[in-house]
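*Asks:* Chains as they are written, first to last, in the working numbering: chain A, 3 to 130; chain B, 3 to 130. Dropping the structure in here first, questions after.
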DNA sequence: GTAACTTGTTACCTTTTGGTAACTATAATC
DNA sequence: GATTATAGTTACCAAAAGGTAACAAGTTAC
């Protein structure tokens, strides 16, 4: 039996105990991926940024009912996980631009698959 | 502006307000997919069942530290979303077998992509 | 000097998710 | 009649996630 402790970031730890080392490692990686994109606002934010660099207020307008607290919080998390970068411009008033990193852009295939299966699921379950 | 209300199941509702109908529909489908597989125990359970039909106790042994309450709860949710089926056998003592449905098996590509990106992410972020 | 615009922060509260420990029902075995 | 094995359930609690409303700092325009 193996116990592996990994952390996606400072606030989040995953503990797994499994009999099979390879299987538990794969499970961890899959759950890392899930952890990074889950939550109410992350997909909307990431999708908003796939259309190019955006400022705080622009993302907020895109998503409509997100609060500044949640947007700020989630942007920090995404930056921490290196999916986006934050650029401050010394204009007046100050503007801050967010862009997807290469790692962030590398989510495309996963997001496509998520959409694909989601549509399939809706057809099979939600739609009926 | 369009407001669309959908529900994945009786207990869960997603509300989206967006300016672009197509975009919000895609977002909903993607979030459906996320919703169905997220949570601490769903991936382990689904993965456990990819190795074939299993009984309640067998899944419990596979996952080690899951409680009967959580396993029961999550199995019900997965059944409700039509990813698994529950078969009762009138043996003694009674045995119950869980299997993946075709819809459950259709998750394979998504799970593969999740694993793929998760490994990439670990290499880029967690590993450093 | 007051209002407006930018990007946030803070304190407080509610809802959702997950955990613990004890218990249940049924039947077979000792 | 007590123990074992099956597959759960129940009541209660803790932690995480998300929501609301008010505020803050810096600069420009009126």
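Virtual Cβ for every residue (Gly too), placed ideally from N, Cα, C. The structure presented is a predicted model; accordingly, all values stated were derived computationally and were not measured.
Ignore the nearest five residues each way along the sequence and tell me which others in residue 18(B)'s own chain have a CB closer than 7 Å to its CB.
*Replies:* Position 16 of the second chain, counting from 1, holds the residue named residue 18(B). The predicted model places residue 18(B) with a pLDDT of 34, which falls under 50 and marks its position as unreliable; any figure quoted below should be read in that light. Correct list, in chain order: 6, 26, 29, 30.
*Asks:* Using the Cα positions of residue 95(B) and residue 33(A), report the straight-line distance between them to the nearest angstrom.
*Replies:* Translated into positions along the second chain, residue 95(B) becomes position 93. Translated into positions along the first chain, residue 33(A) becomes position 31. Their Cα atoms are separated by approximately 35 Å.
*Asks:* Below 8 Å between beta carbons: does that hold for residue 115(A) and residue 111(B)?
*Replies:* Stepping through the first chain from its first residue, residue 115(A) is reached at position 113. Stepping through the second chain from its first residue, residue 111(B) is reached at position 109. Contact: yes.
*Asks:* Using a Cβ-Cβ cutoff of less than 7 Å, which residues in the same chain neighbour residue 46(A) once the five nearest sequence positions on both sides are dropped?
*Replies:* Counting from one through the first chain, the residue named residue 46(A) turns up at place 44. The answer, listed in chain order, is 65.
*Asks:* Could you work out which residue in 60(B), 35(B), 68(B) is closest to residue 42(B) when comparing CA atoms only?
*Replies:* As a position in the second chain, residue 42(B) is number 40, starting the count at 1. Selected option, being the one with the closest Cα: 68(B).
*Asks:* Near residue 58(A), what residues of its chain come up, given a Cβ to Cβ distance below 6 Å and the 5 sequence neighbours on each side ignored?
*Replies:* If you number the first chain from 1, residue 58(A) lands on position 56. Cβ contact annotation for residue 58(A) (same chain, cutoff 6 Å, sequence separation greater than five): 98, in chain order.
*Asks:* With a Cβ-Cβ cutoff of 8 Å, do residue 90(B) and residue 77(B) count as a contact?
*Replies:* As a working note, residue 90(B) is residue 88 in the second chain. As a working note, residue 77(B) is residue 75 in the second chain. Going by C-beta atoms, residue 90(B) is not nearer than 8 Å to residue 77(B).
*Asks:* I need the straight-line Cα distance from residue 73(A) to residue 62(A), nearest angstrom please.
*Replies:* As a position in the first chain, residue 73(A) is number 71, starting the count at 1. As a position in the first chain, residue 62(A) is number 60, starting the count at 1. Each residue's alpha carbon lies about 7 Å from the other.
*Asks:* Going along chain A, which residues have a C-beta under 7 Å from residue 116(B)?
*Replies:* As a first step, residue 116(B) is located in the second chain; it is residue number 114 there, counting from the start. By Cβ distance, chain A contributes 32, 35, 36, 112.
*Asks:* At the level of alpha carbons, what is the spacing between residue 49(B) and residue 101(A)?
*Replies:* Along the second chain, read from residue 1 onward, the residue named residue 49(B) stands at position 47. Along the first chain, read from residue 1 onward, the residue named residue 101(A) stands at position 99. Cα to Cα, residue 49(B) sits roughly 35 Å from residue 101(A).
*Asks:* Any idea what DSSP makes of residue 126(A), helix, strand or coil?
*Replies:* Residue mapping note: residue 126(A) aligns to position 124 of the first chain, counting from 1. Correct three-state label for residue 126(A): helix.
*Asks:* For residue 73(A), which three-state DSSP category applies?
*Replies:* For this step, residue 73(A) is matched to residue 71 along the first chain. Helix at residue 73(A).
*Asks:* Relative to the C-alpha of residue 107(B), which residue among 123(A), 128(A), 92(A), 113(A) is closest?
*Replies:* On the second chain, residue 107(B) is found 105 positions in, with the first residue counted as 1. The residue with the shortest Cα to Cα distance from residue 107(B) is 123(A).
*Asks:* Could you check the C-alpha separation between residue 120(B) and residue 54(B) for me, to the nearest Å?
*Replies:* Here residue 120(B) corresponds to residue number 118 of the second chain, with the count starting at 1. Here residue 54(B) corresponds to residue number 52 of the second chain, with the count starting at 1. The C-alpha of residue 54(B) is placed about 25 Å away from the C-alpha of residue 120(B).
*Asks:* Please confirm whether residue 58(B) has its beta-carbon closer than 8 Å to some beta-carbon of chain A.
*Replies:* In the second chain, residue 58(B) corresponds to position 56, counting from 1. Not one beta carbon of chain A lies nearer than 8 Å to the beta carbon of residue 58(B).
*Asks:* Note down, in chain order, every chain A residue with its Cβ under 8 Å from the Cβ of residue 43(B).
*Replies:* Taking the first residue of the second chain as 1, we reach residue 43(B) at position 41. By Cβ distance, chain A contributes nothing, its closest Cβ being about 10 Å from residue 43(B), past 8 Å.
*Asks:* How many whole angstroms separate the CB atoms of residue 88(B) and residue 79(B), which I take to be in contact at a CB cut-off of 8 Å?
*Replies:* On the second chain, position 86 is the one that residue 88(B) refers to. On the second chain, position 77 is the one that residue 79(B) refers to. Actually they are not in contact, since the Cβ atoms of residue 88(B) and residue 79(B) sit about 12 Å apart, beyond 8 Å.
*Asks:* So what's residue 27(B) in DSSP terms, helix, strand or just coil?
*Replies:* Residue 27(B) sits at position 25 when you count from the first residue of the second chain. Note: residue 27(B) maps to helix in three-state DSSP.
*Asks:* What does DSSP give as the partner residues of residue 98(B) in its beta bridges?
*Replies:* Taking the first residue of the second chain as 1, we reach residue 98(B) at position 96. Beta-bridge pairing links residue 98(B) to 90(B).
*Asks:* On the DSSP bridge assignment, give the partners of residue 57(B) in chain order.
*Replies:* The count along the second chain starts at 1 and reaches residue 57(B) at position 55. DSSP lists 99(B) as partners of residue 57(B).
*Asks:* Give me the chain A residues within the contact set of residue 46(B), using Cβ-Cβ distance strictly less than 7 Å, ordered along the chain.
*Replies:* The residue you call residue 46(B) lines up with position 44 of the second chain. Neighbours of residue 46(B) on chain A, chain order: 29.
*Asks:* How would you list, in chain order, the residues of chain A whose beta-carbon sits under 8 Å from the beta-carbon of residue 73(B)?
*Replies:* Along the second chain, one-based indexing puts residue 73(B) at 71. What residue 73(B) touches in chain A: nothing, since even the nearest Cβ is about 15 Å away.
*Asks:* Quick check on residue 106(A): does DSSP put it in helix, strand or coil?
*Replies:* Locating residue 106(A) in the first chain gives position 104, where the first residue counts as 1. DSSP places residue 106(A) in helix when its eight states are reduced to three.
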